[in-house]
């Protein structure tokens, strides 16, 4: 893997900066070893939820797209989202979770079901 144009790093920078509120805090580090390319992403702690997404869906999508960009350049590319030592994601109470998700699954179709 000679000196590429680092399209993978440019790609992740562009996409993540478009997603977050604190785009100036987005930093990436690119390392290459025998396993391939590793891009470590640093974001403002307040933006961590936007980068990870619900149930990790955004992070999973970023990794998939990054692998596609890497495959185009014959490189194996992985993404690591840096989480500072000792940081804790805020836990939501059950009430907050239900308020955000609308109180759980819609059971109205089976509420009057007679068995």
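In the UniProt record's numbering, the protein residues as written are 1 to 115.
From the three backbone atoms N, C-alpha and C, an ideal C-beta is built for every residue, glycine too.
Computed from a predicted model, the values in this text were never measured in an experiment.
What number of angstroms, rounded off, separates the C-alpha of residue i from the C-alpha of residue j?
{"i": "residue 38", "j": "residue 25", "result": "19 Å"}
{"i": "residue 70", "j": "residue 77", "result": "5 Å"}
{"i": "residue 23", "j": "residue 11", "result": "14 Å"}
For residue i, count neighbouring Cβ atoms within 10 angstroms of its own Cβ and tell me buried if that reaches 16, exposed if not.
{"i": "residue 8", "result": "buried"}
{"i": "residue 28", "result": "buried"}
{"i": "residue 51", "result": "buried"}
Please identify the residue among the options whose C-alpha is closest to the C-alpha of residue i.
{"i": "residue 41", "options": "71, 67, 17", "result": "17"}
{"i": "residue 81", "options": "32, 62, 72, 69", "result": "62"}
{"i": "residue 6", "options": "52, 74, 53", "result": "74"}
{"i": "residue 48", "options": "30, 84, 66", "result": "84"}
{"i": "residue 19", "options": "68, 79, 44, 72", "result": "44"}
I'd like to confirm the pairing. Which residues does DSSP put opposite residue i in its beta bridges?
{"i": "residue 33", "result": "36"}
{"i": "residue 117", "result": "Given that the chain is displayed from residue 1 to residue 115, the structure contains no residue 117 and the question cannot be resolved."}
Please list, in chain order, all residues of the same chain as residue i whose beta carbon is under 8 Å from its beta carbon, the five residues on each side excluded.
{"i": "residue 120", "result": "Any property of residue 120 remains undetermined from this structure, which presents the chain solely from 1 to 115."}
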